[in-house]
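Scroll down for the structure; my scribbles are underneath it.
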Amino acid sequence: MVELNFDTLLSFFKVLANENRLKLVGILSQTECSVEDLAARLQLKEPTVSHHLNKLKELNLVAMRSQGNTHLYRLNSDTLSELNKSLFSPEQMASWSKNTRPEAWEEKVLQNYLRSDRVTELPASRKKRQVILRWLVSKFDPARTYSEQEVNKIIGIYYDDYATVRREFIGYQLMKRDNGIYQCLSADNWQSETEINQQMAVIPRRYVR
1 MVELNFDTLL
11 SFFKVLANEN
21 RLKLVGILSQ
31 TECSVEDLAA
41 RLQLKEPTVS
51 HHLNKLKELN
61 LVAMRSQGNT
71 HLYRLNSDTL
81 SELNKSLFSP
91 EQMASWSKNT
101 RPEAWEEKVL
111 QNYLRSDRVT
121 ELPASRKKRQ
131 VILRWLVSKF
141 DPARTYSEQE
151 VNKIIGIYYD
161 DYATVRREFI
171 GYQLMKRDNG
181 IYQCLSADNW
191 QSETEINQQM
201 AVIPRRYVR
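Everything in the sequence shown is counted per my numbering, starting at 1 for the first residue and increasing by one.
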């Protein structure tokens with residue numbers, strides 16, 4: 001029996017997102033067939049058919065029985081019925097959105113731009129860049145102040161271009177600067193994506209890199 005969860009749903013669509021596998025399902029929904037029969041009907045090589053059948057078997061979409069030295073395959077209608085009732089119920093479909101939580105997206109951004117706890121590059125996307133900058137500013141103690149040299153040193157541990165990051169801290173209102181002294185701003189003061197976009201919209205194009 002297939003475990004019914006979000007990963008199963010993804011696997012289901014990935015497996016069936018193939019023309020030949022869909023044709024296999026169509027054929028096997030009507031009759032039992034051997035690999036040889038399927039290869040002839042689909043004009044594919046037998047190893048290719050076996051590969052597609054194995055993908056379908058992983059989700060228990062096809063069943064196999066032996067007849068002498070021949071393996072016969074058929075569609076497992078019970079699995080399809082179970083998937084239809086469980087995966088595609090209103091309650092289950094509503095649960096799919098749980099995998100789109102902002103935290104999951106931010107974690108993905110960090111995975112893409114961090115290597116060995118260092119930033120590989122600053123994303124061109126402002127939304128993604130904000131995630132990286134917030135991760136970098138979290139390395140500072142919000143309860144104390146820092147000289148510019150101290151800010152550069154801490155940023156340099158995680159990213160080489162400390163000057164750019166330091167300026168971005170100010171631009172994204174993650175830090176404030178007063179007479180060369182820097183301090184983290186509380187999260188309540190951080191700019192939202194909308195505010196950043198509005199700010200960028202009023203900057204003359206010649207100043208936008």
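Built from N, CA and C at the ideal position, the CB exists for glycine as well.
Would you check if there are 3 or more beta carbon pairs closer than 8 Å linking the segment 67–77 to the segment 14–28? The segment 67–77 is in contact with the segment 14–28.
Using beta-carbon positions only, say whether E148 and G180 come within less than 8 Å of one another. Yes.
Closest to A63 by C-alpha separation, out of L24, W135 and K176, would be which residue? Residue L24 is the option with its Cα nearest to A63.
Inter-residue Cα distance where the pair is R129 and W105: Between the alpha carbons of R129 and W105 lies a distance of about 13 Å.
Helix, strand or coil, according to DSSP, for Q173 in the structure here? In the displayed model, Q173 falls within coil according to three-state DSSP, outside both helix and strand.
State the Cα-Cα distance for the pair E82 and A17, rounded to the nearest angstrom. If I take the Cα positions, the gap works out to 20 Å.
Which one of Y113, D117 and Y146 has the shortest CA to CA distance from S125? When each option's Cα is compared against that of S125, the closest is Y113.
For a test of the three-state rule: what should DSSP assign to T120, helix, strand or coil? For T120, the three-state secondary structure derived from DSSP is coil.
Enclosing alpha helix (DSSP H) for A63 [first to last residue]: Premise fails: A63 lies in the beta strand (DSSP E), V62 to Q67, not in any alpha helix (DSSP H).
Quickly, what does DSSP pair L75 with across the bridge? List them, please. Note: L75 is bridge-paired with V62 in the DSSP secondary-structure output.
Per-residue DSSP class, three states only, for Q183: For Q183, the secondary structure class from DSSP, reduced to helix, strand or coil, is strand.
Is F169 buried or exposed, if buried means 16 or more other CB atoms sit within 10 Å of its CB? Counting the other CB atoms within 10 Å of its CB gives F169 a total of 16 or more, which places it among the buried residues.
R166: buried (16+ other C-beta within 10 angstroms of its C-beta) or exposed? R166 sits buried, since 16 or more C-beta atoms from the chains shown fall within 10 Å of its C-beta.
So what does DSSP say about D178, is it helix, strand or coil? Residue state, collapsed to three classes: strand.
DSSP beta-bridge partners for T70? Here T70 is bridged, per DSSP, to Q67.
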